[in-house]
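Chains as they are written, first to last, in this note's numbering: chain A, 1 to 414; chain B, 415 to 828; chain C, 829 to 1242; chain D, 1243 to 1656.
There are 4 protein chains.
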Amino acid sequence: MADLRWPGDHRAGDHLTDAELIRDMLRVEEAWLAALVRAGVAPALAIVDDLESVVGAIDPQDIAVQAEAGGNPVIPLLGLVRDRLADDHPEAGRWLHRGLTSQDTLDTAIVLGLHRCVGSVLELIDDQVSALTGLAEHHRSTVMAGRTLTQHAVPITFGLKAAQWLHGILDARDDLRDARDRLPAQFGGAAGTLAGPSLLLQLTDGAGDAVSLARVAADRLGLPWSPPWHTSRAPITRVSDALTRATDAWGRLARDVLVLARPEIAELAEPAEAGRGGSSTMPHKVNPILSVLIRRAALTAPGHAAQLHLAATESVDERADGAWHTEWSTIATLGRHTVTAAAQTAELLAGLHVDTGRMTRLVESAGSILLAEQRSLAGFVGAAGDDFDPTHYLGSSDAIIDAILERARSGGSR
Amino acid sequence: MADLRWPGDHRAGDHLTDAELIRDMLRVEEAWLAALVRAGVAPALAIVDDLESVVGAIDPQDIAVQAEAGGNPVIPLLGLVRDRLADDHPEAGRWLHRGLTSQDTLDTAIVLGLHRCVGSVLELIDDQVSALTGLAEHHRSTVMAGRTLTQHAVPITFGLKAAQWLHGILDARDDLRDARDRLPAQFGGAAGTLAGPSLLLQLTDGAGDAVSLARVAADRLGLPWSPPWHTSRAPITRVSDALTRATDAWGRLARDVLVLARPEIAELAEPAEAGRGGSSTMPHKVNPILSVLIRRAALTAPGHAAQLHLAATESVDERADGAWHTEWSTIATLGRHTVTAAAQTAELLAGLHVDTGRMTRLVESAGSILLAEQRSLAGFVGAAGDDFDPTHYLGSSDAIIDAILERARSGGSR
Amino acid sequence: MADLRWPGDHRAGDHLTDAELIRDMLRVEEAWLAALVRAGVAPALAIVDDLESVVGAIDPQDIAVQAEAGGNPVIPLLGLVRDRLADDHPEAGRWLHRGLTSQDTLDTAIVLGLHRCVGSVLELIDDQVSALTGLAEHHRSTVMAGRTLTQHAVPITFGLKAAQWLHGILDARDDLRDARDRLPAQFGGAAGTLAGPSLLLQLTDGAGDAVSLARVAADRLGLPWSPPWHTSRAPITRVSDALTRATDAWGRLARDVLVLARPEIAELAEPAEAGRGGSSTMPHKVNPILSVLIRRAALTAPGHAAQLHLAATESVDERADGAWHTEWSTIATLGRHTVTAAAQTAELLAGLHVDTGRMTRLVESAGSILLAEQRSLAGFVGAAGDDFDPTHYLGSSDAIIDAILERARSGGSR
Amino acid sequence: MADLRWPGDHRAGDHLTDAELIRDMLRVEEAWLAALVRAGVAPALAIVDDLESVVGAIDPQDIAVQAEAGGNPVIPLLGLVRDRLADDHPEAGRWLHRGLTSQDTLDTAIVLGLHRCVGSVLELIDDQVSALTGLAEHHRSTVMAGRTLTQHAVPITFGLKAAQWLHGILDARDDLRDARDRLPAQFGGAAGTLAGPSLLLQLTDGAGDAVSLARVAADRLGLPWSPPWHTSRAPITRVSDALTRATDAWGRLARDVLVLARPEIAELAEPAEAGRGGSSTMPHKVNPILSVLIRRAALTAPGHAAQLHLAATESVDERADGAWHTEWSTIATLGRHTVTAAAQTAELLAGLHVDTGRMTRLVESAGSILLAEQRSLAGFVGAAGDDFDPTHYLGSSDAIIDAILERARSGGSR
């Protein structure tokens, strides 16, 4: 499922699609059933090894349409699943979802999808880090004009610029790892007390308490347990902030590419690929379309993240009256857009064309401006003015590149 | 196509779906072809009466995937259409899109979709206005507690509250009508000069100039002409601001319903319908789910509108480097959500249950508080305190209701 | 009072400052007192001709600190004013604010400030329209490269670019005029019923009803009457949307200037002024600082407007529980920033330096690319290829300029 | 300096005021001077022990007005400081700011202010944690109605609700500590290469390199060093995201208080204080004004945070063309509002009145609804229905409270 209005969206693959959400909800129910059985609450017959294949194909549209009545897709999904289990797996059908509430299923399913989504982003970031490490090393001595407020400033190297791009990406990597690792399962029952599963344990002489039941189910899903967070939405905002930190970093480098690939500057060019960057009417056009699409994602991510903070703060009562409902679509859109932009950025960086000749020629022609600060400082300390050369006015560029590369190598640990 | 993550989305029908966007792009191309023929630029054989059926089924997914290369769906769509026209309509295939640029096709197609979308919202607003007019009239004398900063204030009537809800909707109606009527076709060519069509007219001795050509095409689509607005995006922001003004009004009334339908207050209740408002675990639950879903839309619309303003201000050069690309998905999401919320609001208002008994009993029990201002003012002017009755402390409620109803009746003309 | 963190803020003068807000609140109270007297409710002695000077200097800080207790600045202001009136104007002190509520005073005072603020913006827009009209006329034949997605496209004229800038500003002018003219006084009393003033009229045998009283007070302030809009916030969002439409238009042109003033392009330059655009360390720097500051305002306005829409939709009950309180600071910040940006844009446009030589040289050097579409279309119709000249490939630029200039001259009336 | 439009702003004290920003800029310059002297670059005479007192009073308004020319307040501040140092501290005047750029001074000054601001928030969070720990413990067995989607759900305890409030605050505490500890000094020179200080070291045979110079200056300011982050703005967005996570948590609990303090529910009440919560016309009113003001902050914080992400992603070149300029005012506003809301939340929680009688009576009257899930589950497993008591249907509430309290006690370590 690609979004016609978001070119490149197919790069996100089946991350956070409707079909995947349904699969994730089934996984959550399956894990919960298994936990009920293991605790001796439900009979062994209630276990279903592969709920998804047992249940068979589900039309997301049917679920979507029926979702309005209860305000979420869990209720119609459960109805359909119970119907399909009735004949061959009656105990599974009977015990399905017992002790849970819709929010448990939906939140945990969203967490599963986000976990994979952030994982994909992190893999693509590894590719970016690798490409940028190479660019920073390779262009350590490639002098180019530094630009501030659009005007020529002092010389820098392209290696330093690449290292600065990397700097931002490493900041995002830290936060993405942290946010992913802190994505917990949600098992709280109707109002976050786990009263339902506790009662079931009590009435069936089950083993352990409801928290241990929840831990078992979380563990099966590969997620940490946490106190119910039905109204404490930091796990969601932490991910959305981290995803936005990533698009911040990519959008910034894309904007640099968009400037430096302007024909009057032409110091950088996007990797060439047949058919890419074309126009519907101008045959000569080779637009820097990867950067355009990356920047597009970066311009929209902050709004999505803000929306999720608003949802967090409007989480009134033991389940919010509308705020929760805004999260599902927002985080899925942000997640898909981020994977897409991650892939586009990785491709951009892997094939970025650096025209060192153009960089050098500009530095030569703009030399006197680029050295104005140097002359001024030399004059200030009364030094003779005979060594004015942009390649000698690069300060600690090397040391700064090294510091950033070291951080990249050390895995960004803090 | 309903969105699993946005329950109720199916109410938006095929508004602003991928399939509809493709149809609208075909309509734009068809209108342009017809204008080229009418001006004598293209031969009569280039005309195709019903481009959509001639071209046949198009898989939006194919177009979506190919859209990445050029950064928009027009280029792959044209390729596919030309292929399909090649055998039976070679002249149409040859002349397709000549003189246009991708932005012309996509912007005008989006405008066509928005035009219908706003039209649907306006029809549903007519239903809302009708329902609210009835409520305001019927409950003109239904006294209830006014509440400010959550606390009891002075008496109001439910008719006045309904009229105030209406007040906000009439503000939105004005703006929606205005925004819809000012949605122009976009025909500017590669950089907004109409140079392509001008050249074609000149080389083929066609009739008229490129502006008249554009007017003809716009007219066929039922849209006004405007100077190209490829970088002046007020037509889009005007619609998104107006849609947001509508969700502002509905969200506010939904939040009132959510408060007044709390079991401790219970002065209002949503229209009952079997299965609606249910829970996956609590059999007794009847949640005010229409209001929850309406409020959800209202919480997200402002962010979408802000995104479109950001796109407008980032419209650099003669076509923006990413900002334009953020518009398509944002306005479509906002448009669909608004139609959905419009329908839900119309349904909510048509069946809203008003418990006048609860209102009366609260006014009686809270009487002394609700009359504190009255006593204070009476004391201030030294009046005897023997007529303290909430039903006598309603001020100009009737006149205010009348003023708002009059505005509703007069069509909200300004 | 200039904002150290918003350079150029002093251009907004005393618009929407704390001191001005206090003055406006006093004007509202004075108008209401006068209306009470005219209706025979309050004695003639209650009238105060110039409440501001009678009351004397007021320290906004004192009011600000005391404002927390009641959540708004009206309550402490009234306390202070009553104290100061006690000796010499006891009747005025006694009758002050009778029948009003804090929101009446504060909303109407904010409206007064916004009315002047939008007026200032409109005056500065007149200057902008004048400058742009001149640029569009003067550079009607100044050919330059059109750029799309950052790359050279087809030729345009700088006159057309100026006209397109104007196009966006005229859209904003329409909306600003409309929004200003629809800014009403707020007089609704404790919960929007005007019960307080109605009671006073009744107990004192005053003339007319409370609506006519409100109309008299509104009229004294030069504002239209409206049904109370304490919970229907379109008057505020209409202004903020219109202000944002203005910053959209200015931000877009500022971003164009920032691109075209890059040293590698250098087709435009900001008006020179001694000391402007300097750096703290690079003596040669002349940064395009007006454009930088204008763009800054444009990047922030959409967020402010979204905030006000959120406040509108959260206007629960008869006075909101926090949403209303977010409006005051948001609209004032947006208003001041907009005046500042309006002045900076007017200055930028009045002195914009257009380097027609650079434009011409680029068109010559990039000629073959700029004419790729022309060649392609000519080849398509089999025309001989001997008239490929950028100055002959400008299409309807003149007609489009004329259409926009005509709109400017006709006052943008709709 | 309190903000008249943001009641309670005085609680933020002198955090992030204009005057404090000026002091912080002076501190940065002083630290840099000291580092230059220590490295042997500048003569010992260039050191000034207390630059702030040497320079004397500075009118922020003067600086603000002059800030427009260069687009930031550093340039005029340096001019003024140099003037004042000229006579008595000529060497300090000569060496002031040598090797730095405006962004170094301004970014580091903002970091200093943010560091203190977050520190204050964390202290107030300690108070909140203490109050909530007490509430969670004390009301561990206070049964009340759980509410989902505004309707009664299953029983909870008020202790659990308090623990959930705490849960969100602990999430924020983690992030605030982390963000504060990662706020680095900014020392990069004109374009992030430290070329200026490197040259000065070289020409004066100074000790060490420019990075060690920067480390010394950072150390004097109590800040960690980092590679220059002039275009990698994670240090800012990390703080703003964390501040927003805090307002998310407070806004959510304030919204709970606003619901539960409604007169029809009245299970909670704000701490009483003479004069607080009053109305300008209704003498009986006691509005929950702390919660109103806290919620206000929470509704606006997400927009500010989004603005800072936008600035981050627009950080083009080696200094951005407008985006950087949006940060100063945005982060200061967000910072002040957060301190204010932190203080209000601490006060609210310290004196929150819990009406356990009301809670109990509601649970009794709504018992059958609150136990619907329990009956349903008991029926499901065929259990006899004789122990239906809300106080026996609290599931793992105690264990969940304990888990959250344990996290609070362990210092929120991760």
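Ideal Cβ positions, reconstructed from N, Cα and C, are used throughout, including at glycine.
Fair warning: this is a prediction, and the values are worked out from it, not measured in the lab.
{"Query": "Straight-line Cα distance separating H723 of chain B from R587 of chain B", "Result": "21 Å"}
{"Query": "Beta-carbon neighbours of V1558 of chain D, restricted to chain A and to distances below 8 Å", "Result": "R252, R255, D256, V259"}
{"Query": "Paired residues, beta bridge with P155 of chain A - DSSP", "Result": "A:A145"}
{"Query": "Classification of R425 of chain B by the beta-carbon crowding that lies within 10 angstroms, buried from 16 upward", "Result": "buried"}
{"Query": "For R1340 of chain D, the three-state DSSP class (helix, strand or coil)", "Result": "coil"}
{"Query": "Cβ of W6 of chain A within 8 Å of any chain D Cβ", "Result": "no"}
{"Query": "Limits of the alpha helix (DSSP H) - the one that W1248 of chain D falls within", "Result": "Unbroken run through W1248 of chain D: none, as it is neither H nor E."}
{"Query": "Where P901 of chain C meets chain A, residues with beta-carbon distance less than 7 Å", "Result": "Under the 7 Å cutoff, chain A gives no residues; its nearest Cβ is about 25 Å from P901 of chain C."}
{"Query": "CB contact check: Q164 of chain A to chain D, cutoff 8 Å", "Result": "yes"}
{"Query": "C-alpha gap between D1413 of chain D and T1580 of chain D, whole angstroms", "Result": "16 Å"}
{"Query": "Three-state secondary structure assigned by DSSP to R1656 of chain D", "Result": "For R1656 of chain D, the predicted structure reports a pLDDT of 38, less than 50, and the residue's modelled location is therefore unreliable. A value from the coordinates is still provided. Here R1656 of chain D sits in coil by DSSP."}
{"Query": "Span separating the alpha-carbon of L1176 of chain C from that of I539 of chain B", "Result": "44 Å"}
{"Query": "Short-range partners of chain D found in the stretch 550-582 of chain B, where Cβ spacing is below 9 Å", "Result": "A559, R561, T562, L563, T564, Q565, H566, A567, V568"}
{"Query": "CB contact check: A1097 of chain C to chain A, cutoff 8 Å", "Result": "no"}
{"Query": "Neighbour flag for M1524 of chain D against chain C, beta carbons, 8 Å", "Result": "yes"}
{"Query": "Cβ-based burial, L1071 of chain C [other Cβ within 10 Å; buried from 16]", "Result": "buried"}
{"Query": "Reduced DSSP category for H966 of chain C - H, G, I as helix; E, B as strand; rest coil", "Result": "helix"}
{"Query": "Pick from B:R452, B:R710, B:D735 that is closest to I289 of chain A, judged by C-alpha positions", "Result": "B:D735"}
{"Query": "Residue-chain proximity (S1362 of chain D, chain C), Cβ-Cβ < 8 Å", "Result": "no"}
{"Query": "Partner residues on chain D for A786 of chain B, Cβ-Cβ distance less than 7 Å", "Result": "M1524, P1525, H1526"}
{"Query": "Residues bridged to L1366 of chain D (per DSSP)", "Result": "Paired residue(s): none; L1366 of chain D is not in a bridge."}
{"Query": "Through-space distance from V1316 of chain D to C1359 of chain D, alpha-carbon basis", "Result": "21 Å"}
{"Query": "Closer than 8 Å to chain C by CB, E1310 of chain D", "Result": "yes"}
{"Query": "Cutoff 8 Å: P288 of chain A Cβ touching any chain C Cβ", "Result": "yes"}
{"Query": "7 Å Cβ shell around S1655 of chain D - same chain, five flanking residues per side excluded", "Result": "Here S1655 of chain D scores only 42 on pLDDT, less than 50, and its place in the model should not be relied on; the value that follows carries that caveat. Within the same chain, S1655 of chain D has no close Cβ partners at all."}
{"Query": "Contacts that E264 of chain A makes with chain C (C-beta to C-beta distance below 7 Å)", "Result": "E1092, I1093"}
{"Query": "Minimum Cβ-Cβ distance from L1127 of chain C to chain D less than 8 Å", "Result": "yes"}
{"Query": "N-terminal and C-terminal residue of the alpha helix (DSSP H) that H15 of chain A is part of", "Result": "Counting along the chain, H15 of chain A falls outside any alpha helix (DSSP H), and DSSP gives it neither H nor E."}
{"Query": "Contact between the stretch 258-269 of chain A and the stretch 1500-1514 of chain D (3+ Cβ pairs under 8 Å)", "Result": "no"}
{"Query": "Sub-8 Å separation of P1249 of chain D and G899 of chain C beta-carbons", "Result": "yes"}
{"Query": "Cβ pair I850 of chain C, L905 of chain C closer than 8 Å", "Result": "yes"}
{"Query": "Closer than 8 Å to chain D by CB, I745 of chain B", "Result": "no"}
{"Query": "Complete runs of the alpha helix (DSSP H) confined to the stretch 360-410 of chain A [at least 4 residues]", "Result": "367-370, 372-380, 397-409"}
{"Query": "Endpoints, the alpha helix (DSSP H) within which I1064 of chain C is located", "Result": "1062-1088"}
{"Query": "Within-8 Å CB hit, D837 of chain C to chain A", "Result": "no"}
{"Query": "Close beta carbons around T770 of chain B, own chain, < 8 Å, minus the five adjacent residues each side", "Result": "H553, T556, F572"}
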